[in-house]
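Everything below concerns the one structure shown next.
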Amino acid sequence: MEDQFKEIAGFVALAIEAGAVLVVAYGASEALILLFQAFAKREPTAYQGRVIWLKFATWILLALEFALAADIVHTAISPTWDDIGKLGAIAFIRTMLNYFLAKDIATFSKVVDPEDQAGVTRPLRDNRSSSKRC
3 MEDQFKEIAG FVALAIEAGA VLVVAYGASE ALILLFQAFA KREPTAYQGR VIWLKFATWI
63 LLALEFALAA DIVHTAISPT WDDIGKLGAI AFIRTMLNYF LAKDIATFSK VVDPEDQAGV
123 TRPLRDNRSS SKRC
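Rendered as C-alpha cells:
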C-alpha cells in the first residue's frame, strides 16, 4: 500500500513539475511574441517593456506555485529530516521570490493599464482635492 502511494505521488509530482515547465514555456513564448511585435511596429518603449514584463512575471509567479506544490508532494513521498530541511529552504526561497514578484506586479499594475494601447500611464494617486473650497 505504501509503495503504491509513493508511486502515485511520484507521478503526481512529475505532472505538477511538467505543468510548471509548460507555464514557463507559454509565458516565455507570449513574452517573445509581444517583444517581436513591439520591434516590428517601431522601437519598443519602456512602457511596452514593462507591460511585457508584467505579463511574463504573472506566468513566472504561477510556475513558482506549481514548483512549490511539486516539492511538497516529493517530500510526502520520502520525508527524511534532510528532505524536510531542503523543502523548508526551497519553500522559503520560492515564497520570498513569490512575495517580491507579486509586490512588483501589484505596484506596476496600479501604474499601468495593460489594456491601454496608447501607452499612457495612470497616476499612482489623484493629487487633486476632492473637496472644493468656496
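Position 113 (the sequence shown) corresponds to 115 in this note's numbering; numbering is contiguous. Here a beta-carbon is modelled for each residue, glycine too, at the ideal position from N, C-alpha and C. Since we're looking at a predicted model, the values are computed, not measured.
Alpha carbon of residue i to alpha carbon of residue j, nearest angstrom
{"i": "Thr-109", "j": "Gln-50", "result": "16 Å"}
{"i": "Phe-94", "j": "Ala-104", "result": "15 Å"}
{"i": "Trp-55", "j": "Leu-37", "result": "10 Å"}
{"i": "Lys-57", "j": "Ile-74", "result": "27 Å"}
{"i": "Phe-13", "j": "Ala-20", "result": "10 Å"}
{"i": "Ala-59", "j": "Ala-65", "result": "10 Å"}
{"i": "Gly-121", "j": "Ala-33", "result": "For Gly-121, the predicted model reports a pLDDT of 48, less than 50, meaning its position is unreliable; a value from the coordinates is still stated below. Approximately 17 Å between the Cα atoms of the pair."}
{"i": "Ala-15", "j": "Thr-47", "result": "41 Å"}
{"i": "Val-26", "j": "Met-3", "result": "35 Å"}
{"i": "Ala-40", "j": "Tyr-101", "result": "29 Å"}
Residues of its chain near residue i, where Cβ-Cβ distance is below 7 Å and the 5 sequence neighbours each way are ignored
{"i": "Leu-70", "result": "Ala-93, Arg-96"}
Residues of its chain near residue i, where Cβ-Cβ distance is below 6 Å and the 5 sequence neighbours each way are ignored
{"i": "Glu-67", "result": "none"}
{"i": "Ala-72", "result": "Ala-15, Ile-18, Glu-19"}
Collapsed DSSP secondary structure at residue i in the structure displayed
{"i": "Thr-60", "result": "helix"}
{"i": "Thr-82", "result": "coil"}
{"i": "Arg-44", "result": "coil"}
{"i": "Met-98", "result": "helix"}
Same chain only: Cβ atoms within 8 Å of residue i, ignoring 5 sequence neighbours per side
{"i": "Ile-107", "result": "Leu-56, Ala-59, Thr-60, Leu-63"}
Option nearest residue i by Cα separation, candidates the options
{"i": "Ala-11", "options": "Arg-52, Ala-78, Thr-82", "result": "Ala-78"}
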